[in-house]
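Chains as they are written, first to last, in my numbering: chain A, 4 to 401; chain B, 4 to 401.
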């Protein structure tokens, strides 16, 4: 007989029993890395910027030449040339000299600051500077942004557009990221049919729902499709999926008998470790290991299957990609009291209003349309007897 | 001479001058719709569930037959058969009769409730019911989830896994979504080079950064690449992009002269409407229209280009996909005072700590590595003189 576990214990047991479900890496082109997870610290191979750059349009100067300059007594500097964009100056500044420079231009040797054009006047080869600048004022120094050898992006960074900008700045064309684990989905149930259901039959929701949730989690979905509640058919599907995927989700059947069948199959092909988690929805969750690969039995009811995916399966997938545990999307203020059963952790869809109040969406078991109205969900801890109106609650993204 | 506008005025003017930049739709397979935006209300074509279903394993009953039943005086019902999953019962219940049913099974005619197996005992063809049930207890009624004709998903819904589950439940194989606008990116600047930069030269960051930001915004990026700061080269690039894309972004050059060149080209090929927005970073933003298509001149500095994309360009793209204005990711408490300049809206990268405190990331102009440390950014309104420590601030996602 398998125990009913708390969710924390279930998640811990799953990790303990799947020591081979470890992150793997691959190297891909930076152009294709949007959304992927960096698998190693990425070090700057060079200084960024690679040279001292002006951050204003004006004149490159030796700051000391401007000390004491003001509106009444401008510093007078000799203009010895212009620095073109994309080129090193062909000259050095001596004391008393300056050169025209544009934003982004490279400071010539001898210059250590830039004066804004607005604070100057040019006449007869001379530049009159009406305001003093400090050394390195209006300048990005070499290595200011990133020094060669510094960590530019940390292992575990999700590569968003900002990170991709940093890769481009450093000229990094390839990155090593975590592989997307391949997760197989099997739906079971004699009641599932393709096409128009006859009375008593329903469509297979969980294959599409779970495949999309797998992709949202940054993994790859391998769809096996729906199979009838027959031992041989399910066994064959599970064997094929264990061969081809890194983990397997079996959703449904909804009856106790069908769930026992799933447990039996997992225990025949490998080892079943638990059947039942003290959470709602999601109680009839099954977990086992076949050939070292995690295999989950998810409830047939789509809303419950979704929550089990997010709360039991996803923590393992995140760990596989070296991601930290999921954090709440935001916090809000509960708009009404929510009762709950002591001893069972509960998850409830909510809508977040503009004023950040959090409205629970009450639904009957078996209803999935609530997902279309929900912004996210909240958690009622196992030992709470509900949550009071006005409580600050954490909301997780749907 | 073109004015410097507030950001709100800039965004409003952009919409006013681009009346042809309107949402377009396309019909795609539901299997490919993850992340897309629904272009029309989606109506349920049938009841969901399509029949009254048991939500427990047990017996289908006529609730009235159980009234008054208790632990001491069970109701005694005749078991006339079993309802198989995926089939309509071949019989009706008369008063005093019941039938074995599993979770998800279809109630037979004459039944209006289900009794949990735990509250029954079977002996000699009789079922003893030790607890009464109310009509429709432990049942999902036909149409409970969605009634035929009800709106299942609203126009503008981003199709996440939950929405995809609803599509599957309704048997909807194709959906009409908003097209992804195609946004072209041109980088300009004599200092930009492919490969290893020589002294004075830099890599093109903005092409990669903006292309990724365009994709993150749910649009398609068309990369033109880097061109020199020469009128003919930029003109040719802009013409090609206006032909092939729905909108064009021209980033850089960083100097005032280069920006004037961009304004001049837009005004030659079409009409330039503004040059300068009262925001930091992002002041030297340019906007015009060529052949009815919006064309933006973005700052050459990557961080500034990124903020202008998010704050000036992105509102237009969201409107094009019928999305509401972006909302903050979350709120937090400011960990320190932030000074700012009255009269100019400011945007600042921040890190959100676990305790929801918000730490500003101070940077020199020209630095982009700050993006790798930031969780998001906050806004300092134009008429504020900074923000005080302890203020609750809204944080926008990076």
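The C-beta atom is built at its ideal place from N, Cα and C for all residues, glycine as well. The structure displayed is predicted, hence computed values, not measured ones.
| Item | Value |
| --- | --- |
| 8 Å Cβ cutoff, residue 208 (chain A) in contact with chain B | yes |
| Extent of the continuous alpha helix (DSSP H) to which residue 318 (chain A) belongs | 317-323 |
| Helix, strand or coil at residue 389 (chain B) according to DSSP, with G and I counted as helix | coil |
| Closer than 8 Å to chain A by CB, residue 160 (chain B) | yes |
| DSSP three-state assignment for residue 128 (chain B), whether helix, strand or coil | coil |
| First through last residue of the alpha helix (DSSP H) which encompasses residue 43 (chain A) | Premise fails: residue 43 (chain A) is in no alpha helix (DSSP H) and is neither H nor E. |
| 8 Å Cβ cut-off: residues of chain A touching residue 163 (chain B) | 215, 219 and 401 |
| Segments of 4+ residues assigned as alpha helix (DSSP H) that fall wholly inside the segment 257-307 of chain A | 259-272 |
| Rounded separation between residue 379 (chain A) and residue 343 (chain A) - CA only | 18 Å |
| Nearest neighbour of residue 128 (chain A), chosen from A:311, A:85, A:12 and A:139 [CA to CA] | A:85 |
| Within 8 Å, strictly: CB atoms of residue 7 (chain B) and residue 281 (chain B) | yes |
| Distance, residue 15 (chain A) Cα to residue 296 (chain A) Cα | 16 Å |
| Local conformation of residue 135 (chain A) per DSSP, three classes | coil |
| CB contact below 8 Å: residue 200 (chain B) versus chain A | yes |
| Residues near residue 389 (chain B) in its chain [Cβ-Cβ closer than 8 Å; skip 5 each side] | 340, 341, 342, 343 and 383 |
| Residue 137 (chain B), buried or exposed, once every other Cβ within 10 Å from all chains shown has been counted against 16 | exposed |
| Residue 397 (chain A) vs residue 305 (chain A) beta-carbon contact at 8 Å | no |
| Residue 1 (chain A) at chain B interface by Cβ criterion, 8 Å | One cannot answer for residue 1 (chain A) here, as it falls past the ends of chain A, which runs 4 to 401. |
| Partners in chain A for residue 136 (chain B), counting only beta-carbon separations shorter than 9 Å | Correct list: empty, because the minimum Cβ distance to chain A is about 15 Å. |
| Separation of residue 337 (chain B) from residue 362 (chain B), as counted between CA atoms | 6 Å |
| Selected residue, minimal CA-CA separation from residue 79 (chain A), among A:134, A:372, A:92 and A:279 | A:134 |
| With 16 other Cβ atoms within 10 Å as the buried cut-off, status of residue 19 (chain A) | exposed |
| Proximal chain B residues relative to residue 167 (chain A), where beta-carbon distance stays under 7 Å | 211, 212 and 215 |
| C-beta atoms of residue 377 (chain B) and residue 353 (chain B) nearer than 8 Å | yes |
| Nearest-angstrom Cα separation, counted from residue 180 (chain A) out to residue 51 (chain B) | 42 Å |
| Which of helix, strand or coil DSSP assigns to residue 343 (chain A) | coil |
| Against chain A: residues of the segment 62-91 of chain B by CB proximity under 9 Å | 86, 87, 88, 89, 90 and 91 |
| Own chain, CB closer than 7 Å to residue 294 (chain B), minus 5 neighbours either side, in chain order | 245 and 273 |
| Residues of the segment 178-204 of chain B with Cβ closer than 9 Å to any Cβ of chain A, in chain order | 192, 193, 194, 195, 196, 198, 199, 200, 201, 202, 203 and 204 |
| Proximity below 8 Å, CB of residue 313 (chain A) to CB of residue 172 (chain B) | no |
| Three-state secondary structure assigned by DSSP to residue 86 (chain B) | coil |
| Residue 111 (chain B) and residue 63 (chain B) closer than 8 Å at C-beta | yes |
| Segments assigned alpha helix (DSSP H), at least 4 residues, entirely inside the segment 159-201 of chain B | 164-173 |
| Reduced DSSP category for residue 395 (chain A) - H, G, I as helix; E, B as strand; rest coil | strand |
| Residues from the segment 248-262 of chain A in contact with chain B, defined by Cβ distance under 9 Å | 255, 256, 257, 258, 259, 260 and 261 |
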